[in-house]
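Peer 1: Residue numbering for the sequence shown is 91 to 255, as defined by the numbering used here. Even for Gly, the Cβ is constructed at its ideal location relative to N, Cα and C.
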Amino acid sequence: MNRKAFITNSLAGITLASITPGFMYSKSIQEEPLDHKLVKEFVSAGHKDLNMVKEMLSEYPNLIYSSYDWGNGDFEEAIEGAGHVGHKEIAEYLISQGARVNLFVLTMLGKIELVQPVLETYPKLIFAKGPHGFTLLHHAKVGGQDSFYEYLNEKGLHKTHIKIK
Numbered sequence: 091m092n093r094k095a096f097i098t099n100s101l102a103g104i105t106l107a108s109i110t111p112g113f114m115y116s117k118s119i120q121e122e123p124l125d126h127k128l129v130k131e132f133v134s135a136g137h138k139d140l141n142m143v144k145e146m147l148s149e150y151p152n153l154i155y156s157s158y159d160w161g162n163g164d165f166e167e168a169i170e171g172a173g174h175v176g177h178k179e180i181a182e183y184l185i186s187q188g189a190r191v192n193l194f195v196l197t198m199l200g201k202i203e204l205v206q207p208v209l210e211t212y213p214k215l216i217f218a219k220g221p222h223g224f225t226l227l228h229h230a231k232v233g234g235q236d237s238f239y240e241y242l243n244e245k246g247l248h249k250t251h252i253k254i255k
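1) Does S156 pass the burial test, meaning 16 or more other C-beta atoms within 10 Å, or should it be called exposed?
2) Could you check where the beta strand (DSSP E) with E166 kicks off and where it finishes?
3) If you count every other CB in all the chains shown that lies within 10 Å of the CB of E166, and 16 or more means buried, which is it?
4) Looking at the structure shown, is Y212 part of a helix, part of a strand, or coil, going by DSSP?
5) Where does the unbroken beta strand (DSSP E) through S157 begin, and where does it stop?
6) By the DSSP assignment, the alpha helix (DSSP H) with H177 in it spans what residues?
7) Does DSSP put H229 in a helix, a strand or coil?
8) By Cβ distance, which residues of its chain are closer than 8 Å to Y183, with the 5 residues on each side in sequence left out?
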């Protein structure tokens, strides 16, 4: 192979190698988002209907990671719906399927040994707002976590709901 052919082929190879990963990545992230109505239905089911949650997850497994915006930045996942209404069975099922848990759901489930160290490390989180503005105090109440309800009160949290601006 002569020098000119070597340089031309090398440049072509380098160009192709540098373009291909970007092209492949851009194709992988261009999948269509889940239908807005489907996400809303799934998040709503997370509040009250375990059978519907199971059916929908079997057909659309990635619904477990989806959140619905109820407006004004009030985002909610199905597991959070189960959390603020105190539906432990749905929350536990969603966790078993890989749902992302948060302090609110863990509080409702009584996983105080996981929540308390986080609150001790980041004390301002005690006043965090969950979906719809429900606080940790609300989640402790609906989960029947009386001793943790008292702990939150002692730490200065007295509201079960804080308006989302």
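Peer 2: Per the coordinate set shown:
1) Within the sequence shown, the letter at position 66 stands for residue 156. Burial call: buried.
2) For the purposes of this step, residue 166 is taken as the residue at position 76 of the sequence shown. Element bounds for E166: 165-167.
3) Here residue 166 refers to the residue found at position 76 of the sequence shown. That one is buried.
4) Your numbering for residue 212 matches position 122 in the sequence shown. It is coil, neither helix nor strand.
5) Residue 157 sits at position 67 when you count from the first residue of the sequence shown. Run containing S157: 157-159, per the beta strand (DSSP E) assignment.
6) The residue given as residue 177 occupies position 87 in the sequence shown. Per DSSP, H177 belongs to no alpha helix (DSSP H) and is neither H nor E.
7) Here the question's residue 229 lines up with position 139 in the sequence shown. Assignment of H229 by DSSP, reduced to helix, strand and coil, places it in the helix class.
8) The sequence position of residue 183 within the sequence shown is 93, counting from 1. Hits under 8 Å: L140, V143, K144.
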